[in-house]
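Right, one structure below, let's go through it.
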Amino acid sequence: MLQHLGETEEEASSEALQILDFETRLAQSKMDKVERRDARKRFNPRSIADLQNMVPAINWDAYFKGIGVKSIDTVIVGEVKYFDALQGILKENNVADWKAYLRWNSFNDAAGLLSTDLAKANWEFYSKELRGAKAQKPLNERALGTVNNTVGEALGKLYVENYFPPEAKAKAERMIKNVILAFQNRISNVSWMTEETKEKAIEKLLALKVKIAYPDQWTDYAELQIEGPEENGSYLQNILNVRAWNHKKPLKSYLNL
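Take the sequence shown: its letter number 127 is residue 129 in the working numbering, and every next letter is one higher.
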């Protein structure tokens, strides 16, 4: 893959080993799969001041400002040991390793969104070599999958307008409501539960959020910028726009931005 960036076979081989060695050092301090199952180990609240003390090599105020977070007091540090190790690696100030690592990751992340040759090479390694895929999906199926994975509700809205009318949704909701009422009645009349347990069970039952077919309020994509070829738009740029939009969406909900 690095040869697609204009490197010779020898240069690509040498840089690949450099990147692998650097990634290995970054990974050595991370939790293994068993440790990550323990949510308590991954829940480590830290103030921004604590975070700055953990990894002073990073300007965290500038980082949060850069990703659009205007004000935040506390963060959850998922891997404390990793952050401790990261500070040591950053202190070494090995710019060549960081440049090679970040260059590769940027390219590798975008490879499937660039030229046909790069997308095929990316598929042949990650899907064919690593996962055993026999053949790449046809272009039309891949295009439909991209639309569904990026602006799925917009596609879903078109579908339900043609195949799932509001009457069908209302009918399904009535069915579910009757099921809940029947279940509530059954709970009320069982003999093996105490009254207190029945009350809690019914409270939990009535707290169920029923979602049938499609949302009552569709996602608003008005702020998402998608440009076609006639507007000099590109597949890569449109996907980057979707990622940026998806990044901002939860921030608006959680931080009231």
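For every residue, glycine included, the Cβ atom is placed at its ideal position computed from N, Cα and C. This structure is a prediction, so every number in the text was calculated from the model and none was measured.
A215 and K173 closer than 8 Å at C-beta | The residue given as residue 215 occupies position 213 in the sequence shown. The residue given as residue 173 occupies position 171 in the sequence shown. Going by C-beta atoms, A215 is not nearer than 8 Å to K173.
Continuous beta strand (DSSP E) stretch holding R48: start and end = One-based indexing of the sequence shown puts residue 48 at position 46. First-last of the beta strand (DSSP E) with R48: 47-49.
Test item: CB-CB of I74 and F45 under 8 Å = Stepping through the sequence shown from its first residue, residue 74 is reached at position 72. Stepping through the sequence shown from its first residue, residue 45 is reached at position 43. Going by C-beta atoms, I74 is not nearer than 8 Å to F45.
Smallest Cα separation from L22: which of A51, W100, L132, S236?
-> On the sequence shown, position 20 is the one that residue 22 refers to. Answer by Cα proximity: W100.
Just the C-alpha distance for L242 and W106, rounded to the nearest angstrom, thanks.
-> The residue given as residue 242 occupies position 240 in the sequence shown. The residue given as residue 106 occupies position 104 in the sequence shown. Straight-line Cα distance between these residues: approximately 17 Å.
Closest by C-alpha distance to V153, when choosing among S236, I69, K32, L226 | Here residue 153 refers to the residue found at position 151 when the sequence shown is read from its first residue. Answer by Cα proximity: L226.
Contact set for E143: own chain, Cβ-Cβ below 8 Å, skip 5 residues either direction | Here residue 143 corresponds to residue number 141 of the sequence shown, with the count starting at 1. Result list for E143: empty, nothing under 8 Å.
Cα-Cα separation, T221 to G90 = Here the question's residue 221 lines up with position 219 in the sequence shown. Here the question's residue 90 lines up with position 88 in the sequence shown. Cα to Cα, the separation comes out at about 43 Å.
Range of the contiguous beta strand (DSSP E) that encloses T76 | For the purposes of this step, residue 76 is identified with residue 74 of the sequence shown, where counting begins at 1. Residues 76-78.
First through last residue of the alpha helix (DSSP H) which encompasses T152 = As a working mapping, residue 152 is identified with position 150 in the sequence shown. For T152, the enclosing alpha helix (DSSP H) covers residues 141-152.
Within the same chain, show all residues whose beta-carbon is closer than 6 Å to that of Q54, passing over the 5 residues directly before and after it, in chain order.
-> Here the question's residue 54 lines up with position 52 in the sequence shown. The answer, listed in chain order, is W62.
Using the Cα positions of E163 and P217, report the straight-line distance between them to the nearest angstrom.
-> Here residue 163 refers to the residue found at position 161 when the sequence shown is read from its first residue. Here residue 217 refers to the residue found at position 215 when the sequence shown is read from its first residue. Those two C-alpha atoms are separated by around 13 Å.
How should L207 be labelled, buried or exposed, when 16 other C-beta atoms within 10 angstroms of its C-beta is the threshold for buried?
-> One-based indexing of the sequence shown puts residue 207 at position 205. That one is exposed.
Collapsed DSSP secondary structure at A224 in the structure displayed | Reading the sequence shown from its first residue, position 222 is the one you call residue 224. Three-state DSSP puts A224 in coil, outside helix and strand.
Look at the alpha carbon of M195 and the alpha carbon of I189, and state the distance between them as a whole number of angstroms.
-> Here residue 195 refers to the residue found at position 193 of the sequence shown. Here residue 189 refers to the residue found at position 187 of the sequence shown. Annotation: M195 to I189 spans about 8 Å, alpha carbon to alpha carbon.
What does a CB cutoff of less than 6 Å around I204 pick up in its chain, not counting 5 residues either side in sequence?
-> The residue you call residue 204 lines up with position 202 of the sequence shown. So the qualifying residues of the chain are Q186, I189.
Just the C-alpha distance for R245 and Q239, rounded to the nearest angstrom, thanks.
-> The sequence position of residue 245 within the sequence shown is 243, counting from 1. The sequence position of residue 239 within the sequence shown is 237, counting from 1. Rounded to the nearest angstrom, the gap between the Cα atoms of R245 and Q239 is 10 Å.
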